Amino acid sequence: MRVVDAFRESFGVEPQGVWHAPGRVNLIGEHTDYNDGFVLPFAVPWGITVAMRPREDDVIRLRSLQAGEPLTIETLDRAEGWARYVAGVFWVLREAGHPVRGADLVIDGDVPQGAGLSSSAALEVAVGTALNELYGLGLGKMEVALAAQKAENDFVGMPCGIMDQAASALAEQGKALFMDCRSLATRNIPFDLAQHGLQLLIINTGVRHELADGQYARRRRDCENAAKHLGVDALRDVTDLAGALTELSGDERRRTQHVVTENHRVEALIGLLRAGAVREIGALLNASHLSLRDQFEVSCAELDVAVESAIRGGARGARMTGGGFGGSAIALVADDRVDSVKESVIRAYAERGWTAPEIYPATPAAGARRLD
Ligand code: GAF
1 MRVVDAFRES
11 FGVEPQGVWH
21 APGRVNLIGE
31 HTDYNDGFVL
41 PFAVPWGITV
51 AMRPREDDVI
61 RLRSLQAGEP
71 LTIETLDRAE
81 GWARYVAGVF
91 WVLREAGHPV
101 RGADLVIDGD
111 VPQGAGLSSS
121 AALEVAVGTA
131 LNELYGLGLG
141 KMEVALAAQK
151 AENDFVGMPC
161 GIMDQAASAL
171 AEQGKALFMD
181 CRSLATRNIP
191 FDLAQHGLQL
201 LIINTGVRHE
211 LADGQYARRR
221 RDCENAAKHL
231 GVDALRDVTD
241 LAGALTELSG
251 DERRRTQHVV
261 TENHRVEALI
271 GLLRAGAVRE
281 IGALLNASHL
291 SLRDQFEVSC
301 AELDVAVESA
311 IRGGARGARM
321 TGGGFGGSAI
331 ALVADDRVDS
341 VKESVIRAYA
351 ERGWTAPEIY
361 PATPAAGARR
371 LD
């Protein structure tokens, strides 16, 4: 493994172990996690691999095969850029009183650039899983995911929900991960597309619009304000949508409409999966996209064109996936329509003078695990 070779070369000893944590795509349930709602992501076959060896002091020596010079972190607060995702996990575990000291580590990642497939969550979960084992912390997978989320919230400063870290930690091969983000109950649901003659294509727009983080925090605030207005703990608790909409206006009204209907779409999609009607889930994907575009307002021209041209090319359904403002769309496509969907999307991008998106199938991969 090249991460082991690089470790040996950098530190002159063998790593004590090698761990991998995957990125994710979200099938449905977007911007519902921080509203105590439902999500249905699955892990992708790409992620972060980390080779690690604990140290007897508190120093972290860090090398990434994708990013320039090796780094030495003596004070966690001083970590910068991507190294903050690593330092954040050490910080959370130490703050929680775990006996975590320093470590030498080498990181190797193969999550496609700009795809919005949660390489940051994969990095946090890979480091958390490694530290959990190396220091014998005895944490369960969900506890590792929660520590990773806390690192991102309180150390990196991105107010994300739990979906990405949970998917990376708990996913199983061939299955999607249904999660109730209030109770944190999870269920791995078989999601075998090949058996139904289907593929799930990722259409990587390669763009990430600025303001994405600021807009994310604003959406979260809109939802919290709407819940406050309605006198509920979270938008998850809205049962009478029509009644709620008469009480709200503007952004809060639109955000509520999205979150409440999106939770229902997750449940409906699970119902179809249980019935073995995978080919029928497309309409829910389409409805989710329209709601994210018009009510939650987190799409962008590149995502809309990807979704519309995929459907024109014969996709059974398509939607943006993840936080929005760039990243990837997903399209559910019958095997015999894959070429025409790809052609349609590539043509639509060319007509606008945009760089062709990368398009590749994703199958549900396993969650975080030790490789060596
Ligand atoms: C980002 C966040 F990190 C997730 O927690 C989730 O809110 C998602 O956007 C939107 O569904 O990936």
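Residue numbers (full-length UniProt numbering): 1 to 372. Yeah, the Cβ is synthetic: ideal placement off N, Cα and C, and Gly gets one too. Here the structure is a predicted model, which is why all the values come from computation and not from measurement.
At which residues does the alpha helix (DSSP H) containing R274 begin and terminate? Working through the sequence shown from its first residue, we reach residue 274 at position 274. R274: member of the alpha helix (DSSP H) spanning G250 to R274, first to last residue.
With a threshold of 6 Å, establish whether the CB of G323 neighbours any heavy atom of the ligand GAF. Against the sequence shown, residue 323 aligns to sequence position 323. Placement of the Cβ of G323 at a distance of less than 6 Å from at least one heavy atom of the ligand GAF is found.
Counterpart residues of I359 in DSSP-defined beta bridges: The residue labelled residue 359 in the question sits at position 359 within the sequence shown. I203.
Residue range of the beta strand (DSSP E) that includes V50: Along the sequence shown, one-based indexing puts residue 50 at 50. For V50, the enclosing beta strand (DSSP E) has its first and last residue at F38 to P54.
Three-state secondary structure (DSSP) of S64: Your numbering for residue 64 matches position 64 in the sequence shown. The three-state secondary structure of S64, taken from DSSP, is strand.
Is DSSP giving R219 helix, strand or coil here? For this step, residue 219 is matched to residue 219 along the sequence shown. In the three-state scheme derived from DSSP, where H, G and I count as helix and E and B as strand, R219 is classed as helix.
Can you say whether Q195 is buried or exposed, counting buried as having 16 or more other CB atoms within 10 angstroms of its CB? Counting from 1 along the sequence shown, the entry for residue 195 is found at position 195. With fewer than 16 other Cβ atoms within 10 Å, it is exposed.
Please list the segments of the beta strand (DSSP E) lying wholly inside the stretch 144 to 217, counting only runs of 3 or more residues, in order along the chain. Unbroken beta strand (DSSP E) stretches of 3 residues or longer found wholly inside the stretch 144 to 217: 175 to 180, 186 to 190 and 198 to 208, given in chain order.
With a threshold of 6 Å, establish whether the CB of C160 neighbours any heavy atom of the ligand GAF. Translated into the one-based positions of the sequence shown, residue 160 becomes position 160. With a cut-off of 6 Å, the C-beta of C160 is classified as near the ligand GAF, since at least one heavy atom of the ligand falls inside that distance.
Sorry if obvious, but does the Cβ on M163 come closer than 6 Å to a heavy atom of the ligand GAF? To locate residue 163, count along the sequence shown from 1; it is residue 163. M163 Cβ: within cutoff of the ligand GAF.
Decide if residue 373 is buried, meaning its Cβ has at least 16 other Cβ atoms within 10 Å, or exposed. There is no way to answer for residue 373, as the model of the chain reaches only from 1 to 372.
Give me the Cα-Cα distance between G109 and C181, rounded to the nearest whole angstrom. Working through the sequence shown from its first residue, we reach residue 109 at position 109. Working through the sequence shown from its first residue, we reach residue 181 at position 181. Spanning the two alpha carbons is a distance of roughly 28 Å.
By a C-beta neighbour count over all protein chains shown, 10 Å radius and 16 as the cutoff for buried, is D222 buried or exposed? Translated into the one-based positions of the sequence shown, residue 222 becomes position 222. So D222 ends up on the buried side.
First and last residue of the alpha helix (DSSP H) that includes I311? By 1-based counting over the sequence shown, the position of residue 311 is 311. Where I311 is concerned, the enclosing alpha helix (DSSP H) stretches over A301 to R312.
Could you name the residues of the same chain whose beta carbon sits closer than 8 Å to that of P45, not counting the 5 residues immediately before and after it, in chain order? Reading the sequence shown from its first residue, position 45 is the one you call residue 45. The beta carbon of P45 is closer than 8 Å to those of P22, A362, T363 and A365 in its chain, skipping five residues each way along the sequence.
Quick one: does A244 have its CB under 7 Å from some CB of chain C? Annotation note: the requested chain C is absent from the structure, which comprises a single protein chain.
Here's the rule: buried if 16 or more other CB atoms are within 10 angstroms of the residue's CB, otherwise exposed. What is G138? As a working mapping, residue 138 is identified with position 138 in the sequence shown. Looking at its Cβ environment, which holds fewer than 16 other Cβ atoms inside 10 Å, G138 is exposed.
Contact under 7 Å by Cβ, N26 with P41: To locate residue 26, count along the sequence shown from 1; it is residue 26. To locate residue 41, count along the sequence shown from 1; it is residue 41. Note that the C-beta distance between N26 and P41 is below 7 Å.
Helix, strand or coil: which one does DSSP assign to A103? The residue you call residue 103 lines up with position 103 of the sequence shown. DSSP places A103 in strand when its eight states are reduced to three.
Taking the alpha-carbon of T32 as reference, which of R84, A121, D237 and R55 has the nearest alpha-carbon? Here residue 32 refers to the residue found at position 32 when the sequence shown is read from its first residue. Taking each of R84, A121, D237 and R55 in turn and checking the Cα distance to T32, the smallest one comes out for D237.
Please confirm whether L123 and Y85 have their CB atoms less than 7 Å apart. On the sequence shown, position 123 is the one that residue 123 refers to. On the sequence shown, position 85 is the one that residue 85 refers to. Closer than 7 Å, so yes.
Could you please give the first and the last residue of the uninterrupted beta strand (DSSP E) stretch that includes H20? Residue 20 sits at position 20 when you count from the first residue of the sequence shown. Where H20 is concerned, the enclosing beta strand (DSSP E) stretches over G17 to I28.
Could you name the residues that DSSP lists as bridge partners for R319? To locate residue 319, count along the sequence shown from 1; it is residue 319. Answer is I330.
Taking the alpha carbon of R55 as the reference point, which residue from A83, F11 and G326 has its own alpha carbon closest? Sequence index remark: in the sequence shown, residue 55 carries index 55 (1-based). Nearest in C-alpha terms to R55, of all of A83, F11 and G326, is F11.
Taking only the alpha-carbon atoms, compute the straight-line gap between Q66 and R218 and give it to the nearest angstrom. Here residue 66 refers to the residue found at position 66 of the sequence shown. Here residue 218 refers to the residue found at position 218 of the sequence shown. Rounded to the nearest angstrom, the two C-alpha atoms are 32 Å apart.
At the level of alpha carbons, what is the spacing between D57 and F90? Position 57 of the sequence shown, counted from the first residue, corresponds to residue 57. Position 90 of the sequence shown, counted from the first residue, corresponds to residue 90. So the two alpha carbons sit approximately 13 Å from each other.
Between which two residues does the alpha helix (DSSP H) holding L71 run? Indexing the sequence shown from 1 puts residue 71 at position 71. No alpha helix (DSSP H) contains L71, which is instead part of the beta strand (DSSP E) from L71 to I73.
First and last residue of the alpha helix (DSSP H) that includes G97? Position 97 of the sequence shown, counted from the first residue, corresponds to residue 97. For G97, no alpha helix (DSSP H) run applies, since DSSP gives it neither H nor E.
Assuming the contact rule is C-beta atoms closer than 8 Å, Q165 and A145 should be a hit. Round their C-beta distance to whole Å, please. As a first step, residue 165 must be located in the sequence shown, where it is residue number 165. As a first step, residue 145 must be located in the sequence shown, where it is residue number 145. Confirmed, about 4 Å.
Taking the alpha-carbon positions, what's the N35 to L235 distance? In the sequence shown, residue 35 corresponds to position 35, counting from 1. In the sequence shown, residue 235 corresponds to position 235, counting from 1. So the alpha carbons of these two residues sit roughly 6 Å apart.
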